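Structure first, then comments.
There are 2 protein chains.
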Amino acid sequence: MENDKDYRAILKQGGLKYTKHRALILSVLGESSQPVGAGEIFLRLQTAGAGTNLSTVYRTLDTLASKGLVIKTNIASDTKALFELNTMEHKHHLICIGCKKMFSVDGCPIEEYEEQIGKREGFDVTGHKLEIYGFCKECKAERK
Amino acid sequence: MENDKDYRAILKQGGLKYTKHRALILSVLGESSQPVGAGEIFLRLQTAGAGTNLSTVYRTLDTLASKGLVIKTNIASDTKALFELNTMEHKHHLICIGCKKMFSVDGCPIEEYEEQIGKREGFDVTGHKLEIYGFCKECKAERK
DNA sequence: ATTCATGCAAACGGTTTGCACGCAT
DNA sequence: ATGCGTGCAAACCGTTTGCATGAAT
Numbered sequence: 017m018e019n020d021k022d023y024r025a026i027l028k029q030g031g032l033k034y035t036k037h038r039a040l041i042l043s044v045l046g047e048s049s050q051p052v053g054a055g056e057i058f059l060r061l062q063t064a065g066a067g068t069n070l071s072t073v074y075r076t077l078d079t080l081a082s083k084g085l086v087i088k089t090n091i092a093s094d095t096k097a098l099f100e101l102n103t104m105e106h107k108h109h110l111i112c113i114g115c116k117k118m119f120s121v122d123g124c125p126i127e128e129y130e131e132q133i134g135k136r137e138g139f140d141v142t143g144h145k146l147e148i149y150g151f152c153k154e155c156k157a158e159r160k
Numbered sequence: 017m018e019n020d021k022d023y024r025a026i027l028k029q030g031g032l033k034y035t036k037h038r039a040l041i042l043s044v045l046g047e048s049s050q051p052v053g054a055g056e057i058f059l060r061l062q063t064a065g066a067g068t069n070l071s072t073v074y075r076t077l078d079t080l081a082s083k084g085l086v087i088k089t090n091i092a093s094d095t096k097a098l099f100e101l102n103t104m105e106h107k108h109h110l111i112c113i114g115c116k117k118m119f120s121v122d123g124c125p126i127e128e129y130e131e132q133i134g135k136r137e138g139f140d141v142t143g144h145k146l147e148i149y150g151f152c153k154e155c156k157a158e159r160k
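Chains B and W supply the protein sequences, listed in that same order.
Okay, so the first sequence: first residue is 17 according to the working numbering, each after it adds one.
Okay, so the second sequence: first residue is 17 according to the working numbering, each after it adds one.
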């Protein structure tokens, strides 16, 4: 809401028309520290009083993703898709097996490796995804 | 089929009864160089003349995975689950954006990193997943 | 004999689509 | 004015579940 200007700019940058829903969805993603599912986005829009529709949310996320403004992920062994703002900062995630929360970590240990492996296998590498699994502080404590 | 003994042993090792379907599903996974979806496994069993049922395939894969005999994965931005034999060798995958094929690569560049990051974030790390995206030789050629 | 795996059919959750209407440029 | 975004309802696909039957130890 407050940063409406920002979302206008982001949309323009992606060559997309400004619409209320797109801005709202971007703001939901922007306010979240973790990737969010379509359903949850829909819920937050509802409770925020924005009359909207699940399929609109899906369609919007699709177009945002196709312009590279958001990133579509999913954590292993879960079938539903998650979305996050594409901040352009290269990040990886720590994923708690217990509570399913995701924590972002900056930095990347495998840039050179990526290059090597591409050469070795004849691959034109465009990116990668690294997820680290384990138990977060809280779940670690509960577990013993 | 030919290595039926092996699958018997694998099942025993997981503390599971031997059944025809389990052995067949293990053999399908064993013959595949890439992770396979439940639907495709079902199809292969059908064409192999084994009367079976999709839900049996799902249930079997679940129990195999729960015993650590197979691994359940999924590639980013696709929602359907894939399964592969757990060979115990630590592997990662090269995934072609063009044809969606996955190629296994041995070795792991981030074992030490994993440890560091766990300490830094108070995480009890149990594993990780690394996927490298790009275009394989063939798709690279087609693309230009 | 008992426990556990299987087939079938039906339910389910997340996601996609066709169509008519409404909004942004 | 035109094209694109939206709402609604229905379809869709992968996956899960309840129940009765069949097989493995």
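Note that the Cβ used here is the ideal one computed from N, Cα and C, for glycine as well.
Just so we're clear, the structure is a prediction, and the values are computed from it rather than from any experiment.
For residue i, does the count of other Cβ atoms within 10 angstroms reach 16, so buried, or fall short, so exposed?
| i | result |
| --- | --- |
| W:Glu100 | buried |
| W:Thr103 | exposed |
| W:Ser43 | buried |
| W:Gly31 | exposed |
| W:Asn90 | buried |
| B:Gly84 | exposed |
Just the Cα atoms here: how many angstroms apart are residue i and residue j?
| i | j | result |
| --- | --- | --- |
| W:Tyr74 | W:Gly55 | 9 Å |
| B:Leu146 | B:Phe58 | 28 Å |
| B:Gly138 | W:Ser93 | 24 Å |
| W:Lys88 | B:Lys135 | 28 Å |
| W:Asp22 | W:Glu47 | 13 Å |
| W:Leu27 | W:Arg60 | 21 Å |
| B:Gln50 | W:Thr63 | 43 Å |
| B:Ile148 | W:Ala157 | 33 Å |
| B:Ser120 | B:Asn69 | 30 Å |
| B:Glu127 | W:Gly114 | 22 Å |
| B:Lys116 | W:Met118 | 26 Å |
Name the two residues that bound the continuous alpha helix (DSSP H) containing residue i.
| i | result |
| --- | --- |
| B:Ser82 | 70-82 |
Excluding the 5 residues preceding and the 5 following residue i in the sequence, name in chain order all residues of the same chain whose CB lies nearer than 6 Å to its CB.
| i | result |
| --- | --- |
| W:Val66 | According to the sequence shown, residue 66 of chain W is Ala rather than Val. The residues are Leu40. |
| B:Glu154 | none |
| B:Cys152 | Cys112 |
Tell me where the beta strand (DSSP E) around residue i begins and ends.
| i | result |
| --- | --- |
| B:Lys117 | Run containing B:Lys117: none; DSSP gives neither H nor E here. |
| W:Gly46 | Counting along the chain, W:Gly46 falls outside any beta strand (DSSP E), though it belongs to the alpha helix (DSSP H) covering 36-47. |
| W:Ile148 | 140-151 |
| W:Leu101 | 98-101 |
Could you pull out every residue in the same chain whose Cβ sits closer than 8 Å to the Cβ of residue i, ignoring the five residues on either side in sequence?
| i | result |
| --- | --- |
| W:Arg24 | Tyr34, Ala39 |
| B:Thr72 | His37 |
| B:Glu131 | Val141 |
| B:Gly53 | Lys96, Ala97, Leu98, Phe99 |
Near residue i, what residues of its chain come up, given a Cβ to Cβ distance below 7 Å and the 5 sequence neighbours on each side ignored?
| i | result |
| --- | --- |
| W:Cys124 | His106, His108 |
| W:Asp122 | Glu105, Lys107 |
Self-check item: At least three beta-carbon pairs within less than 8 Å, the segment 79-98 of chain B to the segment 35-43 of chain B
Solution: yes
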